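Below is one structure, written out as structure tokens; comments come after it.
In our numbering, the protein residues as written are 7 to 284.
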């Protein structure tokens with residue numbers, strides 16, 4: 007069997023890499039294709055570039071509907087649905103893993119909900135990673151209870167072999183400059199408003215104890231939010247900010263240095279960070 011992943015996030019996303027490796031270990035041929043935002047027909051051109059798959063597996067939908075302006079997004083959404091329908095009619099089933107209900111850090115977009123509803127209806131199978139996600143998806147898309155039969159709950163994979171884990175807590179703290187200190191709390195990953203980073207800093211600053219430490223590491227969602235986070239942490243020497251991309255091999259520094267990982271999300275549908283923290 008040949009499966010095509012869209013979009014191709016394998017270089018920066020361990021979830022997709024681990025899933026592909028798992029399928030390959032079972033004899034499945036897995037390919038992936040970059041979005042190609044300037045392509046006229048990105049889905050069909052991906053199929054042409056990689057060769058017709060037996061299954062097209064769509065993951066994150068944002069690249070196929072985001073256009074900056076509402077009219078552009080509307081055109082991109084309609085185009086993508088049309089491309090997927092053409093594939094279905096020519097015998098290529100579509101599988102959709104619903105990682106999110108909507109794009110983060112913005113109000114629910116009716117256009118996006120319509121797109122997701124159309125995508126649900128044309129998909130041969132829909133995957134979520136927990137029962138709560140299945141219920142939330144059906145409710146958000148205003149689908150009948152009977153539609154639940156088309157949604158498969160497959161637990162989120164772990165990351166036990168995805169990243170290096172060969173450094174001790176003492177070594178990690180030494181390298182991060184928190185050796186010999188008290189309890190360490192860490193937030194690692196995309197630094198974005200919906201993840202509650204601002205609220206985390208405010209709550210931490212209210213805690214007593216000079217020995218406490220808070221590590222925040224990851225790429226900010228915008229320069230504006232980076233400035234906001236920096237301003238919130240200013241004046242508290244217990245807070246260490248590393249607002250830049252964390253290479254895969256350095257993730258273990260922050261996770262192994264920490265006594266606990268903070269996940270103060272304002273909203274969540276599926277979180278790989280929870281599995282990574284474990």
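Backbone N, C-alpha and C define an ideal beta-carbon position, used for all residues, glycine too.
In this text the structure is predicted, and so the values were computed from the model without any measurement.
query	result
Three-way DSSP call (helix, strand, coil) for residue 182 in this model	helix
Residue interval of the beta strand (DSSP E) (run including residue 153)	Looking at the DSSP string, residue 153 is not in any beta strand (DSSP E), and its letter there is neither H nor E.
Residue 226 burial status per 10 Å Cβ neighbour count (16 or more: buried)	buried
Contacting residues, own chain, Cβ-Cβ under 6 Å from residue 22 (five flanking each side not counted)	15, 16
6 Å Cβ shell around residue 10 - same chain, five flanking residues per side excluded	37, 56, 59, 62
Reference residue 291, options 7, 13, 20, 118, closest by Cα	This structure does not reach residue 291, given that the chain is present from 7 up to 284, and the question cannot be answered.
Rounded distance between the beta-carbons of residue 100 and residue 288, thought under 8 Å	Past the edges of the chain, shown from 7 to 284, lies residue 288, and the structure says nothing about it.
Residues near residue 205 by beta carbon distance below 8 Å, same chain, minus five either side	270, 272
Buried or exposed (CB count within 10 angstroms, at least 16 for buried), residue 171	exposed
Nearest neighbour of residue 134, chosen from 128, 144, 127 [CA to CA]	144
Residues that residue 219 bridges to, as DSSP identifies them	190
Own chain, CB closer than 6 Å to residue 64, minus 5 neighbours either side, in chain order	12, 102
Any 3 or more C-beta pairs closer than 8 Å across the stretch 169-187 and the stretch 250-266	yes
Reference residue 195; option with closest CA among 261, 140, 147	261
Residue interval of the beta strand (DSSP E) (run including residue 117)	Unbroken run through residue 117 is the alpha helix (DSSP H), 116-128; no beta strand (DSSP E).
Reference residue 190, options 139, 268, 202, 120, closest by Cα	268
Residue 105 and residue 236 closer than 8 Å at C-beta	no
DSSP-derived helix/strand/coil call for residue 275	coil
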